[in-house]
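**Q** In full-length UniProt numbering, the protein residues as written are 1 to 295.
Don't be surprised by glycine CBs; every beta carbon is placed ideally from N, CA and C.
Shown below is the structure under consideration.
Following this line, the structure appears as structure tokens:
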């Protein structure tokens, strides 16, 4: 099969490209950075260098493809995150329509069933809606949980304050996922015939924040590490004082509140994956410990 991967060689794109090439597919990886071309080609894939803002480039690259993996790379330089997602999502939809692609696997997010109150995730809700408008195209939305690597943002807090903390914490449950597990599911979906509209949740482990702190703490030599719950005002003030632009602060606070309330995972709990991913929290904790020691 001829398969197109967007998102360059990121946390998901690289293992996804490697697996698809290994299985004998003809893989093209889209990247906006010319200096990524050699790395892409070393994997045995074809590099397509261009911008996700260029619909003609996307349509040309998608032409004759059997399937497209569509993801929207994070871009925190964008002042309006939801507008950014809608714009790139619309570009994908136009390119898919113009190229005649009939099978799309879209990287969405858990919480994308909600039309409000989820911060950044609202962008995934809108992108799903945009892609669902395509006719004669099979669309599968992958909804992964909380990325393990988001925990790296707490390294400084642990070192400086001896705690983990966020708007969510304590007994709040975190459905977590490793990029490699997302890549494995994406590879499966891209190489499988599909029809209509499909949603598939992707998760590696499901633990409370306190359990996360216990496992991470044990791995870094801090067995009494706790994950505290902060108020929205506390987090808002801290992020604002750090120099983060107000729109981003609002998104982070809203997202955190939806994790704390459980709203973000409501639909996940109704449609849990039959099989969880391979990377459990204890395995990720080893990676976290290595990064913690180097920080």
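Among 276, 277, 145, 155, which residue has its Cα nearest to the Cα of residue 287?
**A** 155
**Q** DSSP puts residue 31 in a beta bridge; with which residues?
**A** 49
**Q** In three-state DSSP terms, what is residue 103?
**A** strand
**Q** If the criterion is Cβ atoms closer than 9 angstroms, does the pair residue 5 and residue 13 meet it?
**A** yes
**Q** Could you give the DSSP three-state label for residue 214: helix, strand or coil?
**A** helix
**Q** Put residue 11 into one of helix, strand or coil per three-state DSSP.
**A** coil
**Q** Closest to residue 18 by CA distance: which of 245, 43, 209 is it?
**A** Residue nearest to residue 18 within the set 245, 43, 209 is 43 (criterion: CA-CA distance).
**Q** Over the uninterrupted beta strand (DSSP E) stretch that includes residue 5, give me the two end residues.
**A** 2-5
**Q** In its own chain, which residues sit with a C-beta less than 7 angstroms from the C-beta of residue 267, not counting the 5 before and 5 after it?
**A** 113
**Q** What residue ranges within the segment 220-275 form continuous alpha helix (DSSP H) runs of no fewer than 4 residues, ordered along the chain?
**A** 232-241, 246-261, 266-270
**Q** Work out the CA separation of residue 225 and residue 136 for me, nearest whole Å.
**A** 52 angstroms
**Q** What residues in its chain sit with their C-beta under 6 angstroms from that of residue 119, if we drop five residues either side in the sequence?
**A** 251, 254, 255
**Q** From which residue to which residue does the alpha helix (DSSP H) around residue 126 run?
**A** Here the alpha helix (DSSP H) through residue 126 covers 122-132.
**Q** Beta-carbon within less than 7 angstroms of residue 76's beta-carbon, same chain only, minus the 5 sequence neighbours each way: which residues are those?
**A** 248
**Q** Taking three-plus beta-carbon pairs below 8 angstroms as touching, is the segment 208-216 in contact with the segment 227-240?
**A** yes
**Q** Hey, quick one: how far does the beta strand (DSSP E) through residue 58 stretch, first residue to last?
**A** Taken as a continuous stretch (DSSP letters only), residue 58 belongs to no beta strand (DSSP E), being part of the alpha helix (DSSP H) at 55-62.
**Q** Between which two residues does the alpha helix (DSSP H) harbouring residue 42 extend?
**A** For residue 42, the enclosing alpha helix (DSSP H) starts and ends at 37-42.
**Q** If you draw a straight line from the alpha carbon of residue 285 to that of residue 151, how long is it in whole angstroms?
**A** Near 10 angstroms, if we compare the C-alpha coordinates of residue 151 and residue 285.
**Q** Return helix, strand or coil for residue 182, following the three-state DSSP convention.
**A** Residue 182: helix per DSSP, three-state reduction.
**Q** Rounded to the nearest angstrom, what separates residue 175 and residue 129 at their Cα positions?
**A** 24 angstroms
**Q** Given a threshold of 16 other Cβ atoms within 10 Å of its Cβ, counted over all protein chains shown, does residue 295 qualify as buried or as exposed?
**A** exposed
**Q** If you drop the 5 nearest sequence neighbours on each side, which residues of the same chain put their C-beta closer than 7 angstroms to that of residue 59?
**A** When the five nearest sequence neighbours on each side are left out, the beta carbons in the same chain lying within less than 7 angstroms of the beta carbon of residue 59 are those of 95, 98, 99, in order along the chain.
**Q** Nearest CA to the CA of residue 207: which residue from 28, 146, 162?
**A** 146
**Q** Is residue 75 helix, strand or coil when you go by DSSP?
**A** coil
**Q** Using three-state DSSP, classify residue 112 as helix, strand or coil.
**A** coil
**Q** Is it the case that the segment 269-277 contacts the segment 197-207, given that we only count it when at least three CB pairs across the two stretches are under 8 angstroms?
**A** yes
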